[in-house]
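*Asks:* One structure is given below, represented as structure tokens, and several questions about it will come after.
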Amino acid sequence: MQKVYSKIESIVGNVITVRAKGVSNSELAIVTSNNTQGYANVIKLDDDLVSLQVFSGGQGVSTGDQVRFLGVPMRVSYTENLMGRVFDGTGSPRDNGPSLTDNMIDIGGPSVNPAKRIIPRNMIRTGIPMIDVFNTLVESQKLPIFSVSGEPYNQLLARIAMQAEVDLIVLGGMGLKYDDYLFFKDTLENSGAMSRTIMFIHTASDPTVECMLVPDMALAVAERFAQDGKKVLVLLSDMTNFADAMKEMAITMDQVPSNRGYPGDLYSSLASRYEKAVDFEGAGSLTILAVTTMPGDDVTHPVPDNTGYITEGQYYLKGGRIEPFGSLSRLKQQVNKDTRDDHRALMDGMIKLYASYKESLEKKSMGFMMTEWDDKLLKYGRLFEEKLMDLSVNIPLEEALDLGWEILSDCFDPNETGLKSDLILSRWPKKMID
Amino acid sequence: MANTSGRVLGVNGNMVTVEFDSAIAKNEVGYIHVGDDRLKGEVIRINGNTAALQVFEMTGGIKVGDSVEFTSEMLSVALGPGLLQQIYDGLQNPLPELAQQCGFFLQRGVYLDAIPNNNWEFTPVAKVGDTLRPGDTFGTVPEGLFTHQIMIPFNLADVDWKITSINEKGTYGVRDHICTVEDPKGNKKELSMIFTWPVKKAIKLYEERLRPDETLVTKIRIIDTFLPVAKGGTYCTPGPFGAGKTVLQHMTSRNADVDIVIIAACGERAGEVVEVLKEFPELTDPKTGRSLMERTIIICNTSSMPVASREASVYTAVTMAEYYRQMGLNVLLLADSTSRWAQAMREMSGRLEEIPGEEAFPAYLESRIAEFYERAGKVRLKDGRIGSVTIGGTVSPAGGNFEEPVTQATLKVVGAFHGLSRERSDARKYPAIHPLTSWSKYEGIIKKDKVEFARQILLRGNEINQMMKVVGEEGTSVDDYIIYQKSELIDAFYLQQNSFDPVDASVPVERQRHTFDILFKVLASEFNLEDKKSVRSFFNTLRQKFLDWNNVEWESERFKQLETEIETLFMGKQSGVDPDAKKLI
Chain A
1 MQKVYSKIES IVGNVITVRA KGVSNSELAI VTSNNTQGYA NVIKLDDDLV SLQVFSGGQG
61 VSTGDQVRFL GVPMRVSYTE NLMGRVFDGT GSPRDNGPSL TDNMIDIGGP SVNPAKRIIP
121 RNMIRTGIPM IDVFNTLVES QKLPIFSVSG EPYNQLLARI AMQAEVDLIV LGGMGLKYDD
181 YLFFKDTLEN SGAMSRTIMF IHTASDPTVE CMLVPDMALA VAERFAQDGK KVLVLLSDMT
241 NFADAMKEMA ITMDQVPSNR GYPGDLYSSL ASRYEKAVDF EGAGSLTILA VTTMPGDDVT
301 HPVPDNTGYI TEGQYYLKGG RIEPFGSLSR LKQQVNKDTR DDHRALMDGM IKLYASYKES
361 LEKKSMGFMM TEWDDKLLKY GRLFEEKLMD LSVNIPLEEA LDLGWEILSD CFDPNETGLK
421 SDLILSRWPK KMID
Chain B
1 MANTSGRVLG VNGNMVTVEF DSAIAKNEVG YIHVGDDRLK GEVIRINGNT AALQVFEMTG
61 GIKVGDSVEF TSEMLSVALG PGLLQQIYDG LQNPLPELAQ QCGFFLQRGV YLDAIPNNNW
121 EFTPVAKVGD TLRPGDTFGT VPEGLFTHQI MIPFNLADVD WKITSINEKG TYGVRDHICT
181 VEDPKGNKKE LSMIFTWPVK KAIKLYEERL RPDETLVTKI RIIDTFLPVA KGGTYCTPGP
241 FGAGKTVLQH MTSRNADVDI VIIAACGERA GEVVEVLKEF PELTDPKTGR SLMERTIIIC
301 NTSSMPVASR EASVYTAVTM AEYYRQMGLN VLLLADSTSR WAQAMREMSG RLEEIPGEEA
361 FPAYLESRIA EFYERAGKVR LKDGRIGSVT IGGTVSPAGG NFEEPVTQAT LKVVGAFHGL
421 SRERSDARKY PAIHPLTSWS KYEGIIKKDK VEFARQILLR GNEINQMMKV VGEEGTSVDD
481 YIIYQKSELI DAFYLQQNSF DPVDASVPVE RQRHTFDILF KVLASEFNLE DKKSVRSFFN
541 TLRQKFLDWN NVEWESERFK QLETEIETLF MGKQSGVDPD AKKLI
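Residue numbers (our numbering), protein chains in the order written: chain A, 1 to 434; chain B, 1 to 585.
Structural data, given as structure tokens:
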């Protein structure tokens, strides 16, 4: 019973305007060209002038095209059949599977009532010591991975997807290189993790508007699975591309830019996505890990800067490793008191020694004399980087802690570590004394 | 008079343009009918017969032609007994009740009564025939720790109202009609314990504003001693992310020496509010022995909740603060973060297509910020009692750079500036308030000259430290090195404070004065130390003792013992006393 409108008034960038009546804000529409069909949604109403963003882009849209309004907002199917599937930003299949239309749910839904939230309490084990030991990931946490182009952030995400102890992974790719998309797909398929993964992928060559939809699609699905008791981990890469897509749209819509061309609602838009992270009392949880590449390695760039104010800490991925300095999990205190009695002390002690190692390294590079203590630190730093910081290391937390003690005992005498005596007594590896 | 109605003309984000048929006022509230939902909005611009409404909800689904009903009331909050302990959103919707009704998610278009339907023990203090003015008390009810004054509504005309009937002492519902008043023309008004007040209008029913001259004790050393806040004053806390703004505000909200604390979580993480929500009922207020929650109101409009109600939330909070001030109470309002509030204004201004100012903030940013902070103040009420509203706002400057518009506009109007530094938080020196760039215009708990003497040492110590980075330790004289060590001692022992240590987390005034005096003696001393090695080892030992001292209970045996040890230690090396400092001791 829907009316078809065929008078497109203007086409600017990815935004078309059409004269129509009875249209509601955020409504979905189908734009039909000669033989092709594409979706669009309403972003602005001005009397009978309706602005729509066309998901597949404005290219090739003609003034004679037909617009049919569907009377519903953007939706995504929510069923068990999503598992193991790959979709694009509009929810159409990217793999060769059938398209899903059952049980459609709205995307970008309302926020969780703060009074219903609970204090996070469960750790997510990833098998990566730099995360598990030093900056523990906690269920319902939202954490960005700050990185720069060229760093193996997608490799890191893939490792986490394979290793993390969760029920379901939802991967949202924004502006991914096609190679990276294939890399994710192959890695997850080969490791057998694909069956518990749902992917929403926008590649760099796909239309910009779809890029903006990916986080909402991924999070809407994840949120429902979490409500149904699943422990869900959402991986997003790369949020900077999402922000850039927003910038592009905002400028097309003649919005006044605020900082480096980004729209004034950058903070709110990022926050409404990240704040989807939640632990539902009596049901599942939703945790978000999102790559944010910093243009020019500049953390004060609007995207990482706004992100930092929203998220609960950050991981810095630099030189192929998660940096122990600067990286921070604000929620780790909630869980690392209950893991093992030596966890906190060892974490602090090892980082302090690693900081001293860095100083010795600097001294060495400046040509200063190395003392015996410096040599010990240099050995320690080398072992630390090799055995714990390397991203390919995959060991459970307990083993990682034991390994930590072993590294310490290989390099230092007990009283040099600055750790408490009773811990040393119980945990210091008993070695053959020569 | 029938209220004005209208119909939707256009939608752009959270701004809706509406065509209306008769008179409407700016800042009037209107409801848009979308299906069965009624979405609240506020008129922010009128042009001919079209008005722009900023809508406090998500605008999906609104159609051109949807009907709009105007209320002829400005955006208001309900004031009355029962506000304390509540958790509201920016529009004074009680969140726990909302959760009961709607479950996990915030459903749009649901507006509940802000003040719970409780019964209160009412005692009249006025009698039939008395004439009162708005703001005058006609009865009281006990609300937790306080005597809650039931006042003639502030929104009545400022004339003499004669009481024609008033209920006897007894228990009444908060919405029951308990009193009738009559104006000189014979118009009658029925009063209950609740009335409303428009949030964007300051409550000015006091005799005069006083100078904020009494220190508001926060039990945080660096603040009370070096950068004090005053009751009725204002201060701001800018800092980059991760510098500990929120932790500092939480510490303040627990320990501040005031009657009521209002926390406005404005556009920040929901998780942080949850910590307050879950922890406060468990914590006891050392002053009263009651739960901290009993003196707290939380206004919570976190970052993912609608932007327009974020803008309203700080006004909602300050209006409640002013209401309790009218009862002669001292109220502290903590707003975290005012930058998010400013950003909400920026978003709206962008949609209105106003000409942008610096960083696209609207041109009226400064005046709005000034207006907000000016609602703080210590006042003498008409009956002689004194009340105060103190406002502390955090600022989240983009990139941690204080040169941006919100920080600068705020600095112009506040009385104290607690700038957090990334450098200090990276070095795990908490609270990360920078002692040299921050300032305060208020009176602290310790004599100014003494504090200034210590500050000079911090300044000199910082200079010497900078110099040492260039010329090395060997290029520094022993005297300079001692000053440097003294400044490090102030920092480690006095400026830093461990919020996780049960003793160190809150330091009462007496203890601050006492320990500062001992510290001052060290700072005033000239020492008999030959070389830098002995200086270093002397100060290391001294610092260790001082640090241990911080963690032992006030006036315990161990406390006195350590004090003696410290005195013996530094007196042993003392060779004289700085003449300037001698005058101060």
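In this text, a Cβ means the ideal position worked out from N, Cα and C, and glycines have one as well.
Between the beta-carbon of A/Q314 and the beta-carbon of A/V138, is there less than 8 Å?
*Replies:* Between A/Q314 and A/V138, the CB-CB gap reaches or exceeds 8 Å.
*Asks:* Mind checking who A/S285 pairs with in its DSSP beta bridge?
*Replies:* A/K231, A/D279
*Asks:* Going along chain B, which residues have a C-beta under 8 Å from A/K116?
*Replies:* Chain B residues near A/K116: A99, G103, F104.
*Asks:* So if I threshold CB-CB distances at 7 Å, which residues from the stretch 257-274 of chain A count as touching chain B?
*Replies:* Result list: P257, S258, N259, G264, D265, Y267, S268, A271, S272.
*Asks:* Using 8 Å for Cβ pairs, my map puts B/L79 next to B/I194. What's the rounded Cβ distance?
*Replies:* 7 Å
*Asks:* Count Cβ pairs between the stretch 413-432 of chain B and the stretch 241-252 of chain B that sit closer than 8 Å; are there 3 or more?
*Replies:* yes
*Asks:* Comparing alpha-carbon positions, which option in A/S237, A/V214, A/I118, A/A218 lies nearest A/L156?
*Replies:* A/S237
*Asks:* Would B/I152 pass as a contact of B/V128 if the rule is Cβ separation under 8 Å?
*Replies:* No. Outside cutoff.
*Asks:* Taking DSSP as the reference, what is the three-state secondary structure of A/F184?
*Replies:* helix
*Asks:* Chain A beta carbons: is any one of them nearer than 8 Å to that of B/P502?
*Replies:* no
*Asks:* Comparing the C-beta of B/N591 with each C-beta of chain A, is any distance below 8 Å?
*Replies:* With chain B covering 1 to 585 only, the question about residue 591 of chain B has no answer from this structure.
*Asks:* Is it buried or exposed, A/N241, if we count other Cβ atoms within 10 angstroms and call 16 or more buried?
*Replies:* buried
*Asks:* Hey, is A/Y309's beta-carbon within less than 8 Å of any beta-carbon in chain B?
*Replies:* yes
*Asks:* Write down every uninterrupted run of the beta strand (DSSP E) in the stretch 151-234 of chain B whose length is 3 residues or greater and which is fully enclosed by it, in chain order.
*Replies:* Segments of the beta strand (DSSP E) lying fully in the stretch 151-234 of chain B: 161-166, 170-173, 179-182, 188-191, 195-198, 208-210.
*Asks:* Of the residues B/V43, B/T4, B/E208, B/F20, which one's Cα is nearest the Cα of B/N14?
*Replies:* B/V43
*Asks:* So what's B/F104 in DSSP terms, helix, strand or just coil?
*Replies:* Reduced to three states, the DSSP call for B/F104 is coil.
*Asks:* Nearest chain B C-beta to A/R19 closer than 8 Å, yes or no?
*Replies:* no
*Asks:* Buried or exposed: where does B/W197 fall if 16 or more other Cβ atoms within 10 Å of its Cβ makes it buried?
*Replies:* buried
*Asks:* Taking DSSP's pairing of strands, which residues face B/R45 in a bridge?
*Replies:* B/A52
*Asks:* Counting only beta-carbon separations shorter than 8 Å, does B/A321 have a partner in chain A?
*Replies:* no
*Asks:* Within 8 Å (strictly less), CB to CB, does A/E312 reach chain B?
*Replies:* yes
*Asks:* Just how far apart, CA to CA, sit A/V303 and A/Y309?
*Replies:* 10 Å
*Asks:* Determine whether the beta carbon atoms of B/G239 and B/W341 lie at a separation below 8 Å.
*Replies:* Note that the C-beta distance between B/G239 and B/W341 is not below 8 Å.
*Asks:* With a floor of 4 residues, list each alpha helix (DSSP H) that falls wholly inside the stretch 68-146 of chain A, ordered by position along the chain.
*Replies:* none
*Asks:* Quick check on the DSSP output: the alpha helix (DSSP H) that includes A/T417 runs from which residue to which?
*Replies:* Per DSSP, A/T417 belongs to no alpha helix (DSSP H) and is neither H nor E.
*Asks:* Please list the partners that A/F280 has in chain B, where partner means a Cβ-to-Cβ separation under 8 Å.
*Replies:* F104
*Asks:* Skipping 5 residues on each side, what residues in its chain have a beta carbon closer than 7 Å to that of A/I107?
*Replies:* Here the set comprises M74, R75, V76, D216, M217, A220.
*Asks:* Determine the contact status of A/G284 and A/V209, defining contact as a CB-CB distance below 8 Å.
*Replies:* no
*Asks:* With H, G and I counted as helix, E and B as strand and the rest as coil, what does DSSP make of B/V128?
*Replies:* For B/V128, the secondary structure class from DSSP, reduced to helix, strand or coil, is coil.
*Asks:* Of the residues B/D89, B/S309, B/G328, B/L292, which one's Cα is nearest the Cα of B/Y206?
*Replies:* B/G328
*Asks:* Assuming B/F559 is part of the alpha helix (DSSP H), what are its boundary residues?
*Replies:* 557-573
*Asks:* Around the Cβ of A/I433, are there at least 16 other Cβ atoms within 10 angstroms (buried) or fewer (exposed)?
*Replies:* In this predicted model, A/I433 has a pLDDT of only 45, less than 50, meaning its place in the structure is not dependable; the value taken from the coordinates is given anyway. An exposed status is given to A/I433, since fewer than 16 other beta-carbon atoms sit within 10 Å of its beta-carbon.
*Asks:* Assuming B/E143 and B/L84 are in contact, meaning their beta carbons sit under 8 Å apart, how far apart are those beta carbons, in whole angstroms?
*Replies:* 6 Å
*Asks:* So with CB distances below 8 Å, who are the chain A contacts of B/R346?
*Replies:* Going along chain A in sequence order, the residues near B/R346 (Cβ under 8 Å) are S258, G264.
*Asks:* Give me the Cβ distance between A/N336 and B/G61, rounded to the nearest whole Å; I'm assuming they're in contact under 8 Å.
*Replies:* About 45 Å; that fails the 8 Å criterion.
*Asks:* Taking only three categories from DSSP, how would you classify B/W549?
*Replies:* helix
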